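Colleague: Taken in sequence, the protein lines are chains R and Z. Okay, so the first sequence: first residue is 31 according to our numbering, each after it adds one. Okay, so the second sequence: first residue is 527 according to our numbering, each after it adds one. Heads up, the beta-carbon is just placed ideally off N, CA and C, and yes, glycines get one too. Model, not experiment: these values are computed from the prediction. Quick one: structure below, then a few questions.
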Amino acid sequence: MTINETQDEIIEEFGLFDDWADKYEYIIDLGKKLKPLDEQYKNEVNIIKGCQSRVWLHAYLQDDKLVFEADSDAIIVKGLVNILVRTLSNQTPEAIAAADVYALEKVGLQQHLAQTRSNGLAAMLRQMKNYAIAFTSMKSQVQSIKS
Amino acid sequence: MVTTQLIDFNVERVRADFPILHQEINGRPLVYFDNAATTQKPNAVIEAITKYYRGYNANIHRGIHTLAERATAEFEASRKAIADFLGASSTEEIIFTSGTTMGINLVAQTYGRAFLKAGDEIIISGLEHHSNIVPWQMLCEEKGLVLKVIPVLDSGELDVAAYENLLSEKTKLVAVNHVSNSLGTINPVKDIIAQAHLVGAVVLIDGAQATSHLDIDVQDLDADFYVFSAHKLYGPTGIGVLYGKKALLDAMPPYMGGGEMIKEVTFEKTTYNDLPYKFEAGTPNIADVVALKAALDYIAALGKDTIAAYENQLLAYATETLSEIDGLRIIGQAREKISVVSFVLDGIHHQDIGIILDQQGIAIRTGHHCTQPLMQRFGLLGTCRASFAMYNTTEEIDKLVAGIKRVQRMMA
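Here it is as structure tokens:
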């Protein structure tokens, strides 16, 4: 599934809710369902400190795909983290670097990305992109060495 | 006694004076409980700003035309009103700043740099806002001073006995808040000041959280410096006040150089203006100074004692009803408090509580409230803080209680 196919699927899921409470209960549920991040990765290198809550982001390359694993100490942020991980994880660094992340805005959750001081979500998205850019340039360096 | 005053207090009439309160947030009537961060503004304040810009905007003190004279008169009338509000002995002791933070930095960078020397000690408290910690840390680093901290008891009150032990002939300055922004604790500042004076230290009181709730009399307190922000007192943002005893202000060097603060300028030497202008370089925030007087007039018309009695009722009601919620723990149970309730919920992150309450139209503050050392003292990353003002009602507190229970159900 491409990044945009995943995003469109998320938007469709959120389209089922016409009540704020249903929407947030779903996000809370997504938070609870986020694949747990191994404790060893909840370290000072991976932490993204927001003013209110903390996010941990761990990234690694598997074959030619970039994989993200993440966690947060606040459950709503964790649900939103789940959406970002689902959107961008397991894609090529090139696709992630070029991605337009529009799902949160389309489902009326853009304020959580804008509040840069209150949670680490916007910083996390930037960090995901940074990893993608770094791995892209690493790959091209490796290729140029090989050739 | 208190009940009688409550009957006299017509909260609906007060609410009618605050236009911002009459709106829906996320489809629900706004419940604004973030008053310790900033209070809303009555029509009188909003109109004072408009009236100034529409009617008599002019630069003050130097112009000889009619508009300049009128603006100067209104500006200085505000200074007089503030002197009266604080119980200062003269308008020379009232310096306009941009807010509490600037007031503290001004004292640190002028009094502190001129009169403190390596090895001297500054005492602050564990209840302080970052703005009453960092300026002193910066000064300590620059001058080789020692920073000492009055510990906080489990109740959220200062450990007064420990404070007495910290004081010595090395203590040159004590800086504490009148009221804790995070917990609402009212500190015994009159005693703190008296003790400091016994060892010859000067005292700065951060009054940011006190001025809208308590009667302030700087002469009765014998405060050397007292600072506050207008926006926490129903006035505009971007304007604050530094009160200082005249003898101290006279002895202090200026803070910023520029126009207005000078008497005579030559390339060889500049002489400085008299108080209070020595500390007011550049064109001041005239509109907001004038509007601050409108806020003080508004408070005076309602009566500060009446407001305080009503807010105490709100505090008692909120403390009682919030305490009944399972898993809710109030942080800070000082005997003397203003209308602030800080709390945590078992197993639920404060940010989640804030987001779900906001969806229900309820604005509270969550996080560390710019008091990270205090949060560490209680082993917390943050709390939820509901802070009440004179326009809040017990019905709104009921909505908060219901809102919190809803959060608990959603998170279960």
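(1) Using a Cβ cut-off of 9 Å, pull out every chain Z residue sitting near R/Glu55, in sequence order please.
(2) Thinking C-beta only, is R/Asn120 closer than 8 Å to R/Leu64?
(3) In chain order, what residues of the same chain lie with their CB nearer than 6 Å to the CB of R/Pro123, ignoring the 5 residues before and after it?
(4) Give the list of continuous beta strand (DSSP E) stretches no shorter than 3 residues that lie fully inside the segment 627-697 of chain Z.
(5) Give the DSSP-derived three-state secondary structure of Z/Lys771 in the structure shown.
(6) For Z/Ile731, count neighbouring C-beta atoms within 10 Å of its own C-beta (all shown protein chains included) and say buried if the count is 16 or more, exposed if not.
(7) If contacts are defined as beta-carbon pairs under 8 Å, then R/Trp86 and R/Lys72 qualify, I think. What distance do you get, rounded to the angstrom?
(8) For the 8 Å Cβ check, are there 3 or more pairs between the segment 905-916 of chain Z and the segment 858-873 of chain Z?
(9) For the putative contact between Z/Leu630 and Z/Ser651, defined by C-beta atoms under 8 Å, what is the C-beta separation to the nearest angstrom?
(10) Going by other Cβ atoms of all chains shown within 10 Å of its Cβ, with 16 needed for buried, is Z/His591 buried or exposed?
(11) Roughly how many angstroms separate the alpha carbons of R/Ile77 and R/Asp130, rounded to a whole number?
(12) If we cut at 8 Å on Cβ distances, does R/Ser83 have a partner in chain Z?
(13) May I ask you to list the residues that DSSP assigns as paired with Z/Ile888?
(14) Could you tell me if Z/Phe754 is buried or exposed, where buried requires 16 or more neighbouring beta carbons within 10 angstroms of its beta carbon?
(15) In angstroms with no decimal places, state the Cα-to-Cα distance between R/Ala100 and Z/Ile857.
(16) For Z/Tyr558, collect the residues of the same chain with a Cβ closer than 6 Å to its Cβ; drop the 5 residues on either side in sequence, then sort them by chain order.
(17) With distances taken between CB atoms, is the gap from R/Lys159 to R/Ile106 smaller than 8 Å?
(18) Leaving out five residues on either side along the sequence, give the residues of the same chain with a beta carbon under 6 Å from the beta carbon of Z/Tyr578.
(19) Using CA coordinates, which residue listed in Z/Glu690, Z/Leu740, Z/Gly733 is at the minimum distance from Z/Ala720?
(20) Would you identify the three-state DSSP class for Z/Thr529, choosing helix, strand or coil?
(21) Just to make sure I have the definition right: I need the residues of chain R whose C-beta is within less than 7 Å of the C-beta of Z/Thr948. Which are they?
(22) On the three-pair Cβ rule with 8 Å, is the segment 632-647 of chain Z touching the segment 697-709 of chain Z?
(23) Interface residues of chain R around Z/Ile882 at Cβ under 7 Å?
(24) With three or more C-beta pairs closer than 8 Å as the rule, is the segment 531-550 of chain Z touching the segment 869-884 of chain Z?
(25) I'd like to know if R/Ala164 contacts chain Z, where contact means its C-beta is closer than 8 Å to some C-beta of that chain.
(26) Hey, could you find the ends of the beta strand (DSSP E) R/Ser102 is sitting in?
(27) Within the same chain, show all residues whose beta-carbon is closer than 8 Å to that of Z/Lys772, passing over the 5 residues directly before and after it, in chain order.
(28) Within 10 angstroms of its Cβ, does Z/Arg935 collect 16 or more other Cβ (buried), or is it exposed?
Modeller: The relevant details are as follows:
(1) Met936
(2) no
(3) Leu96, Ala162, Phe165, Thr166
(4) 647-651, 672-676
(5) coil
(6) buried
(7) 5 Å
(8) yes
(9) Checking the sequence shown, residue 630 of chain Z turns out to be Ile, not Leu. That belief does not hold up - the Cβ atoms of Z/Ile630 and Z/Ser651 are roughly 14 Å apart, past 8 Å.
(10) exposed
(11) 24 Å
(12) yes
(13) Z/Val557
(14) buried
(15) 31 Å
(16) Ala889
(17) no
(18) Ala813, Val816
(19) Z/Glu690
(20) In this predicted model, Z/Thr529 has a pLDDT of only 44, less than 50, meaning its place in the structure is not dependable enough to derive any value.
(21) A question about residue 948 of chain Z goes unanswered here, because the residues of chain Z that appear run from 527 up to 938.
(22) yes
(23) Tyr54
(24) no
(25) no
(26) 95-102
(27) Ser615, Ser616, Glu618, Glu619, Leu801
(28) exposed
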